[in-house]
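A quick write-up on the structure given underneath.
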Amino acid sequence: MYLSKPTQYYDKFYASKNYQAEVIYLCKKIFDHCQRLDMTLLDVACGTGEHARFFKQRFTVEGVDISPDLLSIARRKNPDLRFYLGDMRDFELNGRYDAVTCLFSSIGYLLTLDEVKQAVGNMKRHLSEGGVILVEPWFTPQAWREGTVHSMMIEEMDLRLARMSTSLRDGRISAFDLHYLIGTSRGVEHYVENHQMALYTVEEMKEAFAANGLRVDYEPAGPTGRGLYTGWA
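All residue numbers for the sequence shown refer to the numbering used here, where the first residue is 12 and numbers rise by one.
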């Protein structure tokens, strides 16, 4: 399968992200609410399967993502796991899971609160009785810093990667174009990814859980400093 150039290098740009430490933190949250033998976990918006790579040490893991390119990488890294193509708002799987996770702020790509409610409801439908949902949010409106310039450079033998963006805002929508420069012995290529992510308040996110009949706990720090919502029936 052909992968887009930025996707090919996705894991290189996040090589410093401590997925293992995040999973250790998240496992504690899960076990605070649910402890069973042979537990199952569904990772929604699983990306390249890096969280799944560590979750599978404790759970029977499956993943779902909207990107065929990212799923291709996830399957290559985790040939022992099942990954499905689907939208977090309406995917339908046969299984029910003791834990459902939605991490790395992926919920922010849903641009209306109704869509967030729909996604949380869909996660609940895939939850086994007594199970738990963990959602890592995007920034709140107060935390988003408009006008901030972000950049990263990676240097390897015969490969140079650069990524740059500026944090913009249109009302309750954060926007940033990721500009990639990819330099190899064949030349330099430029790619742009356009991203829009909604800025929800803590109260709005809690409302999305309550609207689906879930109790919810919010921790401001979470695994990466953006917070964590823990929902259960």
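Glycine included, C-beta positions come from ideal geometry on N, C-alpha and C.
Just so you know, these numbers come straight off a predicted model, no measurement behind them.
Query                                                                                                          : Result
Gly-132: first and last residue of the uninterrupted alpha helix (DSSP H) it sits in                           : 124–136
Residue nearest to Phe-66 in terms of C-alpha spacing, selected from Ser-83, Phe-42, Leu-81                    : Phe-42
Gly-60 beta carbon less than 8 Å from that of Val-75                                                           : no
Test item: CB-CB of Ala-130 and Arg-100 under 8 Å                                                              : yes
Any 3 or more C-beta pairs closer than 8 Å across the stretch 143–163 and the stretch 105–112                  : yes
Counterpart residues of Leu-81 in DSSP-defined beta bridges                                                    : Partner(s): none; Leu-81 has no beta bridge.
Where Tyr-13 falls, given that 16 or more other Cβ within 10 Å makes a residue buried                          : Because the pLDDT of Tyr-13 is 42, which lies under 50, any placement of that residue in the model is unreliable, and the number read from its coordinates should be weighed accordingly. Under this definition Tyr-13 is an exposed residue.
Touch test, the stretch 178–185 against the stretch 198–216, Cβ-Cβ under 8 Å, three pairs minimum              : yes
Bridge partners - Met-175, DSSP secondary structure assignment                                                 : Ser-162, His-190
Ser-176 and Arg-156 closer than 8 Å at C-beta                                                                  : no
Outcome for Lys-128 when other beta-carbon atoms lying within 10 angstroms are tallied against a minimum of 16 : buried
Nearest residue (CA-CA) to Ala-154, options Tyr-211, Leu-121, Met-163, Gln-19                                  : Tyr-211
Contacting residues, own chain, Cβ-Cβ under 6 Å from Met-164 (five flanking each side not counted)             : Ala-173
Collapsed DSSP secondary structure at Leu-170 in the structure displayed                                       : strand
Residue range of the alpha helix (DSSP H) that includes Cys-38                                                 : 30–44
For Arg-226 and Tyr-36, the rounded distance between their alpha carbons                                       : 20 Å
Cβ-Cβ distance between Glu-73 and Phe-94 below 8 Å                                                             : yes
Cβ-based neighbour list, Leu-122, same chain, cut-off 6 Å, excluding 5 preceding and 5 following               : Ala-209
Beta-carbon separation (whole angstroms), Leu-124 vs Glu-214, contact threshold 8 Å                            : With 8 Å as the limit, Leu-124 and Glu-214 do not qualify as a contact, their Cβ atoms being about 11 Å apart.
Ser-78 versus Ser-15, Leu-189, Cys-38, residue with shortest Cα-Cα distance                                    : Ser-15
Supposed contact pair Ala-85 and Arg-56 - C-beta distance, whole angstroms, cut 8 Å                            : It should be noted that the sequence gives Ala, not Arg, for residue 56. Actually they do not touch by this definition, with Cβ atoms about 11 Å apart.
Ala-26 versus Gly-238 - alpha carbon distance                                                                  : 21 Å
Separation of Lys-23 from Gln-31, as counted between CA atoms                                                  : 16 Å
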